[in-house]
Every structure is written in C-alpha cells, then in structure tokens.
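Some notes on the structure that comes next.
Residue numbers (our numbering), protein chains in the order written: chain A, 1 to 334; chain B, 335 to 591.
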C-alpha cells in the first residue's frame with residue numbers, strides 16, 4: 001500500500017510549468033529518494049505535498065488523506081517535514097522551538113523534557129539548546145529542523161535536501177537515522193548527492209522538467225542499467241598502439257583511458273557482443289605483453305544512470321517538441 | 335492559539351519590539367506633563383525674543399497635559415505600532431518562517447489571530463503602563479487630574495490604536511512586502527481622519543472611529559462630553575478591527591506560501 005500517491009500533478013507559475021503531470025507512488029516503509037536536476041520541480045512537489053502550494057491540476061494523497069492547500073492539523077501530526085532552507089522564529093532558543101513543536105503536536109506533557117533532551121542530544125545540540133536560533137549555523141539549523149521533524153514520531157517523513165548543509169560526519173548520521181527510521185516511518189526525501197541516495201534508498205524516482213523520468217526500486221534500476229563495460233588496470237602506461245588495436249576489434253564498441261591515469265582503461269562492448277569481448281579481451285592484452293593487475297566488469301553507479309536517464313529524457317523531450325513543432329508547422333502550412 | 339500567542343509575545347519582547355512600544359509611551363508620559371507644567375519657564379529661557387509668544391500661550395492645566403500625551407500616543411505610538419506590525423506576517427512569509435510554522439500542526443487562522451492578539455496585548459500593556467504613568471505624573475505635578483475622563487479617553491484611544499493595528503496586520507497578511515503593509519497602515523492612519531472633514535459638523539461623526547482619538551477625547555477631559563457619546567464609534571471600531579482580521583484570516587487560509 002502506498003503512503004504517498006501523486007496523480008497527474010501539475011503546477012503552473014505565471015506561464016511557466018513547474019510540474020507537468022507528475023505521477024508517483026511511495027510504498028509504506030520505504031526510504032524513497034526523489035531525484036532531479038535543479039529546477040526540475042522537486043521542491044514544488046514537496047511544497048504541494050505539505051500544503052504550502054496549490055496544484056494547478058492533478059491530485060495527491062498522503063496516508064490516505066487528500067492533499068490540499070493548508071493541510072488538516074490531524075494530517076500534519078502524522079507528517080514530519082524538513083524544508084530545504086530551515087528558518088525558525090529566530091528569537092526563540094533551540095529548546096523553545098522544540099517545545100513549541102512538541103506542544104503544537106499535542107504530545108503528552110509528562111514526556112516532553114525527556115523526548116526533547118533525547119533528540120537534542122542525538123543531534124548534538126544539547127549544549128546549544130539555550131542559544132537563540134539566530135546564532136545557529138546552517139548545519140545546526142538543519143539538525144534542529146530534523147529533530148523537530150522527528151519529534152512526534154511521524155508516519156511519513158518528508159525531507160527536502162536533508163543533508164545539504166551538514167559536514168560529512170553529520171551527513172552519515174542523518175543517513176543512518178533515515179535507515180533506522182524505516183521501521184516506524186516512511187522516508188521521502190530529495191537529494192542532490194546521489195551516493196547518499198544509493199546508500200540508503202530502496203526506491204527512487206527521477207524527475208526532469210516537472211515530469212517523471214523513472215520510478216523504480218533502486219536494485220532494479222541498477223540492474224537494468226548494467227553497462228557491458230570492463231575496467232582493466234595495467235602495471236605500466238598503456239601504449240597508444242594498444243588502444244588503437246583494441247578500437248579495431250569488432251567486439252569493442254568504445255575504448256578510453258581514464259583521465260590522469262594512463263594505466264587504467266575502460267572497454268565497452270556493444271551489448272550483443274559482450275560474450276565475445278569476455279572471451280577475447282584478456283588473451284589479447286596478455287598476448288601484447290601487458291601486465292594486467294586488475295580486470296573486472298564495471299557496474300554503473302546511480303550518478304551515471306541518473307545522467308544517462310536525463311540525457312535520454314532530454315533527447316525524447318527534444319524529439320517530442322520537434323514532432324510538436326513539425327505538426328504545428330504542417331498545420332500552419334495547411 | 336495560546337501557544338502561538340505566547341510564542342509571539344516572547345518574540346516581540348526579545349526582538350525589542352514590545353519594549354520599544356512601551357518605552358515610546360513612557361517617554362511621552364514623562365515628557366508631556368513636564369512640558370505642560372514648565373512651558374512658560376521653558377519659553378522664558380529664550381529671553382526677549384519669545385516674550386510675546388509666551389504671553390500668547392495660555393497656561394496649561396492637567397487636562398491639557400494629558401491631552402498632549404494622548405496626542406503623542408495617537409501620532410508617535412501609532413507610527414511605532416505600524417512599524418512593529420507591518421512585518422508580523424509579511425516578514426515571516428518572506429523569511430520562510432511562516433512556512434515552517436504552518437507545516438507544524440498549527441491552524442492558519444490561529445496563526446494570524448495570534449499575531450494580532452500578541453500585538454494587541456503588547457499595545458494594551460504599553461498604553462496602560464504609559465497612561466497610568468502619565469496620569470500619576472500629571473497628578474503629582476498639577477495636584478489633581480480629571481481621572482474618570484482621563485481613563486475613558488485612554489480606553490477609547492486604545493480602541494483607536496487597535497483598529498490601526500488590525501488594518502496593518504491585515505495588510506501584512508495580504509502583502510508579500512512588509513513595506514507595502516506599513517504603507518497601507520500609514521495611509522489608513524491618515525485617511526481615518528477624513529470623515530472629520532466631511533461630517534465634522536454633523537451628528538453622523540459619532541459613528542466614525544476617529545472620534546476616539548484626541549480631538550474628541552479632549553472633550554472627555556474637559557467634561558464637555560460624556561463617555562456614552564463615544565459608544566457608537568467604539569462599537570464600530572471594535573467590529574471593524576475584528577472584521578479586518580477575520581477577512582485576513584480567511585484570505586490567509588487560501589494563500590500559497
């Protein structure tokens with residue numbers, strides 16, 4: 001069952017279409033990575049889901065409740081939200097901000113102090129709890145924002161770039177926290193650091209120009225995009241003649257030396273000729289008198305897949321636009 | 335709602351907005367009675383040049399001293415109030431604080447009403463504190479004050495300021511810029527006196543909020559008018575102020591943040 005479902009969501013801003021018929025399904029208990037380049041519509045989607053923006057068309061449901069501008073309080077109690085830029089009432093201290101959220105959430109007064117202290121400690125903010133938020137660094141604000149989002153143990157966590165202002169250690173902690181939250185909450189988060197997404201997500205969706213490019217379990221996506229590519233590391237610098245010779249082989253699609261390291265070579269086969277490459281490559285290299293120190297089939301990472309998906313999407317969108325223009329031209333001529 | 339009001343009052347105190355309002359009132363509560371009492375001596379310090387002028391200014395009593403203080407409340411305190419209130423919603427929207435607060439389990443209507451109520455409480459505290467100080471100080475300087483008239487005038491001036499506050503908070507909810515909200519508040523403060531020009535000589539004037547300000551409040555101090563004269567204007571002012579906030583809350587519930 002999906003915790004969050006988006007159907008044909010569209011949002012127009014003064015003639016600009018920020019979202020264009022977006023569809024999403026977020027399964028319960030998943031850590032869902034919501035990816036896309038800058039300006040692709042991630043934050044707009046999240047703002048619609050949190051009731052800050054009104055969609056121009058389409059619909060969305062969260063935990064079975066319809067999403068609308070200005071969400072019901074009962075629904076807000078079930079969601080934890082961290083915006084991309086966290087801004088608290090700056091005259092309040094970190095502890096006061098958490099007390100405010102705790103009381104607004106209608107949680108039992110008896111557990112207030114212990115719960116707040118536990119989260120402040122978890123996010124390394126206990127020593128700064130009596131300082132005003134105005135004096136907090138961006139990273140501290142982000143940690144306080146996360147603590148507030150988790151305070152009421154929500155069923156769904158919506159996090160917009162949750163680790164963007166954190167140092168590497170803080171980022172690791174947040175990622176671990178997201179994984180550990182999975183038992184209790186579904187996590188829906190947008191992120192630019194694809195290595196982070198690859199580390200913690202079990203589901204991903206990629207959007208571009210307000211449209212869904214792909215939504216898939218991460219494992220399936222990685223499997224589906226296996227490149228027929230081998231990485232070979234030589235003991236010595238690779239002679240240019242060897243590169244040329246490999247390039248002439250019918251089972252080699254592309255050969256390139258990795259930049260700044262002329263001892264590492266990437267050899268790609270056309271997908272249907274991969275078995276031939278696997279049979280002939282190593283004997284050829286050894287026959288040329290090369291000492292091979294490493295030889296393995298390379299798996300693409302999420303970043304490569306992401307770039308590939310976007311490239312394909314741009315091509316398709318360009319083609320579709322071209323077709324539309326062609327139709328328009330034909331109509332104009334007629 | 336109480337939680338939000340408490341938060342907003344705490345913020346108003348810590349950001350020096352509430353103390354600024356109180357200090358403005360206190361400043362004039364101390365200055366005006368003193369100036370009224372010692373005006374002849376002050377003018378005398380300028381020597382022969384202002385000798386004629388000193389004779390032209392009538393001797394001021396406790397009613398004039400308080401009237402002068404009320405005049406400053408209407409003008410200067412109202413301006414400070416507009417400056418404080420203009421960013422109540424607009425600035426929080428601009429900085430993303432409103433979006434953060436309103437994605438917590440908080441009702442948008444309650445958010446807006448709390449902004450207004452916190453400022454209203456602050457305004458009443460400032461008016462009550464400075465008013466009490468002005469009355470006490472005037473009594474100590476002049477020996478006596480028309481207490482009943484002074485208190486009624488203070489009450490009606492509070493209602494007048496409440497309307498200015500409500501209009502500015504409403505403008506702050508509608509506008510994305512706090513300066514625009516402040517401009518609307520200021521324009522309203524000027525426009526509110528227009529009915530005096532149009533209906534000043536008729537009975538109809540009793541129904542306009544501006545009669546709660548100094549011009550007419552002076553009649554309370556001098557005993558020319560009874561407090562009952564101001565009831566229609568007070569009721570209309572109360573209704574208008576609440577109506578403004580209700581409209582703003584209705585709009586704000588449907589606004590994109």
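We put the beta carbon where it would ideally sit given N, CA and C, even for glycine.
Can you round the beta-carbon distance between residue i and residue j to whole angstroms, since I take them to be within the 8 Å contact cut?
| i | j | result |
| --- | --- | --- |
| residue 44 of chain A | residue 35 of chain A | With 8 Å as the limit, residue 44 of chain A and residue 35 of chain A do not qualify as a contact, their Cβ atoms being about 15 Å apart. |
| residue 341 of chain B | residue 125 of chain A | About 19 Å; that fails the 8 Å criterion. |
| residue 274 of chain A | residue 198 of chain A | Not confirmed; about 24 Å, so no contact. |
| residue 494 of chain B | residue 547 of chain B | 5 Å |
| residue 205 of chain A | residue 24 of chain A | 6 Å |
| residue 194 of chain A | residue 306 of chain A | 6 Å |
Please state whether DSSP places residue i in a helix, a strand or coil.
| i | result |
| --- | --- |
| residue 335 of chain B | coil |
| residue 526 of chain B | coil |
| residue 201 of chain A | coil |
| residue 23 of chain A | strand |
| residue 502 of chain B | helix |
| residue 192 of chain A | coil |
| residue 478 of chain B | coil |
| residue 236 of chain A | coil |
| residue 312 of chain A | helix |
| residue 2 of chain A | strand |
| residue 363 of chain B | helix |
| residue 292 of chain A | strand |
| residue 136 of chain A | coil |
| residue 249 of chain A | coil |
| residue 406 of chain B | helix |
| residue 74 of chain A | helix |
| residue 535 of chain B | coil |
| residue 68 of chain A | coil |
| residue 12 of chain A | strand |
| residue 393 of chain B | coil |
| residue 61 of chain A | strand |
| residue 435 of chain B | helix |
| residue 208 of chain A | strand |
| residue 160 of chain A | strand |
| residue 484 of chain B | helix |
| residue 18 of chain A | strand |
For a contact defined as C-beta to C-beta under 9 Å, what are the partners of residue i on chain A?
| i | result |
| --- | --- |
| residue 540 of chain B | Under the 9 Å cutoff, chain A gives no residues; its nearest Cβ is about 41 Å from residue 540 of chain B. |
| residue 344 of chain B | 89, 91, 92, 96 |
| residue 530 of chain B | Result: empty, since nearest Cβ-Cβ is about 40 Å, beyond 9 Å. |
| residue 536 of chain B | In chain order: nothing, as chain A lies at least about 45 Å away. |
Where does residue i land, buried or exposed, given buried means 16+ other C-beta within 10 angstroms?
| i | result |
| --- | --- |
| residue 312 of chain A | exposed |
| residue 59 of chain A | exposed |
| residue 127 of chain A | exposed |
| residue 420 of chain B | buried |
| residue 188 of chain A | buried |
| residue 261 of chain A | exposed |
| residue 41 of chain A | buried |
| residue 402 of chain B | buried |
| residue 480 of chain B | buried |
| residue 171 of chain A | buried |
| residue 236 of chain A | exposed |
| residue 335 of chain B | exposed |
In chain A, what lies closer than 8 Å to residue i by C-beta?
| i | result |
| --- | --- |
| residue 425 of chain B | The premise fails here: residue 425 of chain B is roughly 11 Å from chain A at the closest Cβ pair, so nothing lies under 8 Å. |
| residue 590 of chain B | 52, 53, 54, 69 |
So which residues on chain B does residue i lean against when the C-beta distance must stay under 9 Å?
| i | result |
| --- | --- |
| residue 106 of chain A | 439 |
| residue 103 of chain A | 337 |
Anything in chain B within Cβ reach of residue i, meaning under 8 Å, just list it in chain order.
| i | result |
| --- | --- |
| residue 100 of chain A | 337, 341, 438 |
Which residues in chain B sit within 7 Å of residue i, going by Cβ to Cβ distance?
| i | result |
| --- | --- |
| residue 85 of chain A | 430 |
| residue 81 of chain A | 437 |
Going along chain A, which residues have a C-beta under 7 Å from residue i?
| i | result |
| --- | --- |
| residue 587 of chain B | 70 |
Practice problem: Closer than 7 Å, Cβ to Cβ, to anything on chain B: give me those residues from the region 63-77 of chain A, in chain order. | Solution: Taking 7 Å as the Cβ-Cβ cut-off against chain B, the residues of the region 63-77 of chain A that qualify are 69, 70, 73, 76, 77.
Exercise. May I ask you to list, following chain order, the residues of the region 431-457 of chain B that have a beta carbon less than 8 Å from some beta carbon of chain A?
Key: Of all residues in the region 431-457 of chain B, the ones placed with a Cβ closer than 8 Å to any Cβ belonging to chain A are 431, 433, 434, 435, 436, 437, 438, 439, 440, 441, 442, in chain order.
Self-check item: Against chain B: residues of the region 40-55 of chain A by CB proximity under 9 Å
Solution: Listed in chain order, the positions of the region 40-55 of chain A with a beta carbon within less than 9 Å of a beta carbon of chain B are 47, 50, 51, 52, 53, 54.
Practice problem: Report the residues of the region 489-513 of chain B with a CB closer than 9 Å to any CB of chain A, ordered along the chain. | Solution: none
Quiz item: Listed from N- to C-terminal order along the chain, which residues in the region 132-148 of chain A have their beta-carbon within a distance smaller than 9 Å of any beta-carbon of chain B?
Solution: Contact residues of the region 132-148 of chain A toward chain B are 132, 145, 148 (C-beta to C-beta distance below 9 Å).
Practice problem: Anything in the region 349-371 of chain B with a Cβ closer than 7 Å to a Cβ of chain A? List those residues in chain order, please. | Solution: Result list: 349.
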